[in-house]
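Each position in the sequence shown, counted from 1, maps to that position plus 951 in the numbering used here.
Worksheet: one structure, shown below.
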Amino acid sequence: MAIIWLWPASIAAARSPTRGSKGKRQRRKTGQALVWMLLKLCVKVFWSGKMKWNNEQILEWLRLPGTKLATVSGVWSTKPAIIQRIDDDFPEIDMITTKSFQVNPNPGNREPIIAEKVAGTFANAVGLRNPGLTVVKEELKSLREKRQFRALLNVSLSGSTPEEFCILARELEAYADIFELNFSCPHAKPGYGSSIGSTAELVSEYVASIRKATNKLIFPKLTPNVKNIGEIAKAAIEAGADGIAAINTVGPEQLIEPHSGKPILYNPLGHKGGISGQEILPIAIEKIREIRQAIGPDMPIIGMGGIFRASDAAKLMEAGANVIGLGTVFAYVPGKFRKQYLQEFRKDISQATQNADTYILKRTVASYQAARISTIDEPTKSYRVVTVEGVRMPFSSSQYAFIWIPGAGEKPISIAWDQPLTFVVRKREYSQAGNKGEFTHAFFQLKAGDTFYIRGPYSAPAPLTEKKLAIILSGGTGIGVVPRLAQELKAAGKKLIVYHGAAKKEEIVLQELIEPFADYHPVADEGKAGRVLDALRECQMEAQDTAFYTIGPEILMKKGLQVALDMGISPDSAFASLETNNMCGIGICGECEVGGVLACQKGTFFNATYLKKHQFKKLQFS
């Protein structure tokens, strides 16, 4: 109601003559400011009312002056639960962009999928990993049925023919506000990505076909790796595009790890990846300026490429961007600081400050160290405890490192101890033809004196309970988490009981690291799976004064949590350490998502209350 009453007065004030007294000029400025303030307020009220915008309203909003922030495809907002969390908890983000979806499932490339060139710049070769149309359609449908979105949902599409794009657009148009067309991925298989976006003729052909298939707004995402991006952008607009997204990554390039002299990225297409981050900012500015000059002042541009600070965004907006996409910077902003970073980023743009810079790490986050194997304890043919020398890596409980073996890939492995650095690894089922178990197969061929490469540590420390007693139930390689967790709990003044389950008595390892801190109970199955749970049930304790931690195979953790809850331990104090599909460790790929948060940022331990609330399917319990 206040808006209705104030609007005529504000318009009148805004229309005050420009000539005359200083007072009149001041009233005019005040009126203009009030009009702009009310316009923004109207937008916010309209937006927060959960009303769905039509195409014209979205385009008008995109053209409005002011700060608009977006996530970019393939970074952070890659899973439905993450999208939901960003929409709920990060109002600073105005547009959420999905990863690129294809008609058929695509497993993408094996790790390493990221390689750090220098601090602030990465190469990535994810390989357009996605679950395919059938799964994606159900996921997006479920998201839309649960909620009305605050932010715009920009759904990225990838195909190798116009027909594939059209299928995706028709099937997903009920769930998208905007379609971003991936014509620009530089490390995709032939026929995808930049194979399409490198000529104006091909872009025009694809856009014209997709335009006939959907009435949704379409924004082709263009490659910077061309000399005529303006011509290509103009061709896209003339063929029916509603705007342009730019730029995608530069390159691709092959990055060589300096200790080994080997290419880092696993990508079979020459071990190359697209370059993103601060190095490409000047290219992004240049290319967006070319696009703006080619398509005129009215067509919106979603701009991205190396934006870390408000001053970067200002340059991109001056070049012609209407929306600022943030991507690689999130590798350098820890998850716990992302909200503060985004809040300060928006303020920085309006106030010409640089306070968001406080939250950006100024160091490398994925550089490797060479680790020489010192000892190997192999109690069985499929179980190894390895110590290494030549590496210093201070860590906290539940943190892990990525171990990289050139040619075989990399995997995250829990750090058991750091004096010396110690890892526990189990050999997985191996099938070269089926692309299974290649990393552990290679790891078990290593000998004392051999070298592998590690980066880390990653994730956050385990939560330390306020309870007087802590019980730890561990099995398999989960025992690798226990020594440091036990040490930290003991240092916090807790009484500690550890139940260590193993398939065979030979796999009872790290006992000497645990016993100084805990009442230690090793239990071998010896033919009866889960025998350690029987020992747990016999534990005498006061449930209200007890916390529970479990680490190991999912079946053990599921049953262990149920036993703990049945014994009366509070679900808020019953924790499980989840083994997720962690592919980057730096908070960008989204594969380690649990209930919308990233385990590589928050930590691997989640309590039973959280797991039940977010319906974590792998650990269902009553």
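Backbone N, C-alpha and C fix where the C-beta goes; we use that ideal spot for every residue, glycine too.
Supposed close pair residue i, residue j - CB separation, criterion 8 angstroms
i	j	result
residue 1300	residue 1264	6 angstroms
residue 1226	residue 1398	With a Cβ gap of about 36 angstroms, residue 1226 and residue 1398 do not count as contacting.
residue 1184	residue 1155	Actually they are not in contact, since the Cβ atoms of residue 1184 and residue 1155 sit about 11 angstroms apart, beyond 8 angstroms.
residue 1176	residue 1024	No, residue 1176 and residue 1024 are not in contact; Cβ-Cβ is about 17 angstroms, not under 8 angstroms.
residue 1029	residue 1541	3 angstroms
residue 1367	residue 1434	6 angstroms
residue 1341	residue 1323	5 angstroms
residue 1500	residue 1423	5 angstroms
residue 1102	residue 1038	5 angstroms
residue 1172	residue 1149	About 13 angstroms separates the two Cβ atoms, so there is no contact after all.
residue 1404	residue 1319	4 angstroms
residue 1198	residue 1168	That pair is no contact at about 19 angstroms.
residue 1575	residue 1201	Here the chain covers residues 952 to 1573 and nothing more, so residue 1575 does not appear.
residue 1204	residue 1224	7 angstroms
Outcome for residue i when other beta-carbon atoms lying within 10 angstroms are tallied against a minimum of 16
i	result
residue 1505	exposed
residue 1566	exposed
residue 1453	buried
residue 1574	For residue 1574 there is no data in the structure shown, the boundaries of the chain being 952 and 1573.
residue 1370	exposed
residue 1493	exposed
residue 1194	buried
residue 1389	buried
residue 1362	buried
residue 1343	exposed
residue 1372	buried
residue 1214	buried
residue 1339	buried
residue 1002	Because the pLDDT of residue 1002 is 47, which lies under 50, any placement of that residue in the model is unreliable, and the question is left without a value.
Own chain, CB closer than 6 angstroms to residue i, minus 5 neighbours either side, in chain order
i	result
residue 1436	1348 and 1413
residue 1560	1522 and 1523
residue 1241	1180 and 1181
residue 1429	1502 and 1503
residue 1165	1120 and 1124
Close-in-space but distant-in-sequence residues of the same chain around residue i (CB under 8 angstroms, 5 per side omitted)
i	result
residue 1043	1020, 1290, 1293, 1294, 1296 and 1297
residue 991	Legend: pLDDT at residue 991 = 49, less than 50; position of this residue unreliable, no value from coordinates given.
residue 1000	Because the pLDDT at residue 1000 is just 40, under 50, the model does not fix this residue reliably, and the value given afterwards should be weighed accordingly. Around residue 1000: no qualifying Cβ.
residue 1651	Residue 1651 cannot be examined here, being either before or after the span of the chain that is shown, 952 to 1573.
Residue i - containing beta strand (DSSP E), residue span
i	result
residue 1450	1446-1453
residue 1500	1497-1502
residue 1252	1252-1255
Residue i - containing alpha helix (DSSP H), residue span
i	result
residue 1233	1232-1246
residue 1562	1559-1564
residue 1514	1505-1517
residue 1020	No alpha helix (DSSP H) holds residue 1020; the beta strand (DSSP E) holding it covers 1020-1022.
residue 1012	1006-1014
residue 1462	1462-1465
residue 1187	1180-1189
Spatially closest choice to residue i from the options, by CA coordinates
i	options	result
residue 1143	1559, 1054, 1557 and 1425	1054
residue 1419	1442, 1402 and 1431	1442
residue 1109	1359, 1013, 1146 and 1098	1146
residue 1469	1451, 1097, 1321 and 1304	1451
residue 1287	1125, 1554 and 1208	1554
residue 1462	1480, 1363, 1336 and 1087	1336
residue 1359	1232, 1218, 1485 and 1276	1218
residue 1070	1230, 1253 and 1285	1230
residue 1051	1107, 1006 and 1074	1107
residue 1525	1066, 1374, 1137 and 1563	1563
residue 1117	1157, 1333 and 1491	1157
residue 1208	1267, 1074 and 1035	1074
Close-in-space but distant-in-sequence residues of the same chain around residue i (CB under 7 angstroms, 5 per side omitted)
i	result
residue 1488	1514
residue 1421	1440, 1445, 1447, 1498 and 1500
residue 1316	1067, 1282, 1283 and 1537
Residue-level contact to chain D via CB, residue i, 9 angstroms cutoff
i	result
residue 1513	Considering every chain present, this structure includes no chain D. It has just one protein chain.
Any non-hydrogen atom of the ligand FAD closer than 8 angstroms to residue i Cβ
i	result
residue 1054	The model depicted lacks the ligand FAD and carries no ligand whatsoever.
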